[in-house]
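Peer 1: Below: one structure in structure tokens.
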Amino acid sequence: GKDGYRHYMDKELHEHPLVIGQTLQRMIDPATRRVVLPELPFDLATIPRITVTACGSAFYAGLIGRYWLEAEARIPVDADVASELRYREPPLSKGGLGLMISQSGETADTLAALRSLRAGGQHVMSILNVPESTMARESDIVLDTIAGPEICVASTKAFTAQLSVLACLAIAIGRARGVIGEAREMELVQALLDLPSRAVELFGLGDDIRAAAAIIAEARDVLYLGRGSHFPVALEGALKLKEISYIHAEAYAAGEMKHGPIALIDKSVPVVASAPSGPLFEKTASNLQEAQARGGRLLVFTDPAGAARMGKIAERLVVLPEVHGFTAPILHSIAVQMLAYEVALLKGTDVDQPRNLAKSVTVE
Ligand code: F6R
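To get the numbering used here, take the position in the sequence shown, counting from 1, and add 84.
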């Protein structure tokens, strides 16, 4: 049941901290605090390239994973939605790794992509929430997300569980390839282990998130912006808003705004940004300033170190707890999902059962 929550989505949003903790527990040895993977039928150190594929939110998890794998493991990563991957006929490296991500393990496009990657000689690793699913049976190795059943059609907790696995995988591959030393691994593992308690703190931000939601609920179109690993956070925020509030939203890499979408900006098009402090912060802030100068109403998710700078331009700030830059996209993903939920409440939509959508898409 809903355990007293108004919707499954609300219940599942509140399960983020637990689900992240449980999923990490599977992958981090409590004694050594190092990432441990199940035994693999291939050598992680010699994989030449990874092809990540999935659909919808699971694909956005994969895009965040790509930033981690490239930056921390220095491995080439190709990522595409499953429904496109096969038709691109990408040249595959011999002995490469196909990395599939799916909550249900039954999504037809992802399953078809799995089969074509296997036919192309790739090892198949799948990050799945349903261990007895079709994709589980057809994979060489499954990394489990311990998210429990997800009832709400729009994915929430499965997404952060997927991110938790991807973060651990990037660390494991980085170590296998000799690019992550012990100190860096400890630092990243600590950042991950800190997440459940930081995620609990998000639930104290309801008033700020509702104030931002009230502005979005009046809009017909919304832009979501982010840079680096926060660009996929923007994609996730925009998808969730579309799915459950039926408000049109589009996500752009913050630096792309000036190449076109800025023409849309006026006071009727709110701009949501995921912009934690860090190396990309100032660039994002100046992109946002351009939007603000054109009358855009900015709703900015940042952290304590970014609050002063963003406070000068944003109409609404949501100040998330300070976390390591590596794990910030996980925390920000939860926040943009919470925002979509609050907007849907204001719109009075059927949050758990959005029109035209099914939980598991078993046709290609
Ligand atoms: C978004 C959403 C969908 C799924 C997508 C993949 O909220 O729920 O975009 O993420 O249909 O589904 P799975 O993960 O079951 O393969």
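In this text, a Cβ means the ideal position worked out from N, Cα and C, and glycines have one as well.
From a predicted model like this one, the values you see are computed outputs, not experimental measurements.
The beta strand (DSSP E) that contains SER200, what's its start and end?
Peer 2: Position 116 of the sequence shown, counted from the start, is the residue given in the question as residue 200. Counting along the chain, SER200 falls outside any beta strand (DSSP E), though it belongs to the alpha helix (DSSP H) covering 192–203.
Peer 1: DSSP on PHE315, reduced to helix/strand/coil?
Peer 2: By one-based count along the sequence shown, residue 315 stands at place 231. Three-state DSSP puts PHE315 in a helix.
Peer 1: Pick helix, strand or coil for ALA400, following the three-state DSSP scheme.
Peer 2: Here residue 400 corresponds to residue number 316 of the sequence shown, with the count starting at 1. According to the sequence displayed, residue 400 carries Arg and not Ala. Strand.
Peer 1: Figure out for me which residue from LEU181, ALA318 and ARG393 has the closest Cα to the Cα of SER370.
Peer 2: Here the question's residue 370 lines up with position 286 in the sequence shown. Nearest option by C-alpha distance: ARG393.
Peer 1: Which whole-angstrom value describes the C-beta separation of GLY321 and VAL420, a residue pair presumed to lie in contact below a C-beta threshold of 8 angstroms?
Peer 2: Start at 1 with the first residue of the sequence shown, and residue 321 comes out as number 237. Start at 1 with the first residue of the sequence shown, and residue 420 comes out as number 336. Sure, about 3 angstroms apart at Cβ, within 8 angstroms.
Peer 1: Cβ of ALA333 within 6 angstroms of any heavy atom in the ligand F6R?
Peer 2: The residue given as residue 333 occupies position 249 in the sequence shown. Outside the cutoff, so no.
Peer 1: To the nearest angstrom, how far is it from the Cα of ASP305 to the Cα of VAL356?
Peer 2: Here residue 305 refers to the residue found at position 221 of the sequence shown. Here residue 356 refers to the residue found at position 272 of the sequence shown. Going from the Cα of ASP305 to the Cα of VAL356 covers about 11 angstroms.
Peer 1: State whether the segment 179–199 contacts the segment 125–140, with contact taken as three or more CB pairs (one from each stretch) at a distance under 8 angstroms.
Peer 2: Enough Cβ pairs lie closer than 8 angstroms, so yes.
Peer 1: So, are the CB atoms of ILE104 and THR244 less than 7 angstroms apart?
Peer 2: Here residue 104 refers to the residue found at position 20 of the sequence shown. Here residue 244 refers to the residue found at position 160 of the sequence shown. Result yes, Cβ atoms of ILE104 and THR244 sit closer than 7 angstroms.
Peer 1: Put HIS91 into one of helix, strand or coil per three-state DSSP.
Peer 2: As a first step, residue 91 is located in the sequence shown; it is residue number 7 there, counting from the start. The answer is coil: DSSP assigns HIS91 none of H, G, I, E or B.
Peer 1: In or out: ALA129 buried (at least 16 other Cβ within 10 Å) or exposed?
Peer 2: As a first step, residue 129 must be located in the sequence shown, where it is residue number 45. Result: exposed.
Peer 1: From SER200 to ALA166, what distance separates their C-alpha atoms?
Peer 2: Your numbering for residue 200 matches position 116 in the sequence shown. Your numbering for residue 166 matches position 82 in the sequence shown. Computed Cα separation, rounded: 10 angstroms.
Peer 1: Counting C-beta neighbours from all protein chains within 10 Å, is the total for ARG311 16 or more, i.e. buried, or is it exposed?
Peer 2: Position 227 of the sequence shown, counted from the first residue, corresponds to residue 311. Classification for ARG311: buried.
Peer 1: Can you have a look at ASN213 and say buried or exposed, based on whether 16 or more other CB atoms are within 10 angstroms of its CB?
Peer 2: As a first step, residue 213 is located in the sequence shown; it is residue number 129 there, counting from the start. With 16 or more other Cβ atoms within 10 Å, it is buried.
Peer 1: Going by C-alpha distance, which of ALA398, ILE148, VAL407 and LEU323 is nearest GLY362?
Peer 2: For this step, residue 362 is matched to residue 278 along the sequence shown. The residue with the shortest Cα to Cα distance from GLY362 is VAL407.
Peer 1: Of all the options THR433, HIS98, ALA303 and ILE255, which has the alpha carbon lying nearest to the alpha carbon of ARG158?
Peer 2: In the sequence shown, residue 158 corresponds to position 74, counting from 1. The candidate whose alpha carbon is nearest that of ARG158 is ILE255.
Peer 1: DSSP three-state call for VAL445: helix, strand or coil?
Peer 2: On the sequence shown, residue 445 is found 361 positions in, with the first residue counted as 1. The answer is coil: DSSP assigns VAL445 none of H, G, I, E or B.
Peer 1: If you scan the segment 286–338 from start to end, which runs of the alpha helix (DSSP H) of 4 or more residues do you find wholly inside it?
Peer 2: Qualifying alpha helix (DSSP H) stretches, in chain order: 290–301 and 315–329.
Peer 1: Three-state secondary structure (DSSP) at THR244?
Peer 2: For the purposes of this step, residue 244 is taken as residue 160 along the sequence shown, with counting starting at 1. Here THR244 sits in helix by DSSP.
Peer 1: With distances taken Cα to Cα, identify the nearest neighbour of GLY344 among LEU325, ALA335 and LYS351.
Peer 2: Taking the first residue of the sequence shown as position 1, residue 344 is located at position 260. Ranking LEU325, ALA335 and LYS351 by Cα distance to GLY344 puts ALA335 first.
Peer 1: Since ALA283 contacts PRO101 with CB under 8 angstroms, what's their CB separation in whole angstroms?
Peer 2: Here residue 283 is taken as the residue at index 199 of the sequence shown, counted from 1. Here residue 101 is taken as the residue at index 17 of the sequence shown, counted from 1. About 4 angstroms separates the two Cβ atoms, so the contact holds.
Peer 1: Under three-state DSSP, which class holds HIS39?
Peer 2: The structure shown does not extend to residue 39, since the chain is modelled only from 85 to 448, so the question has no answer here.
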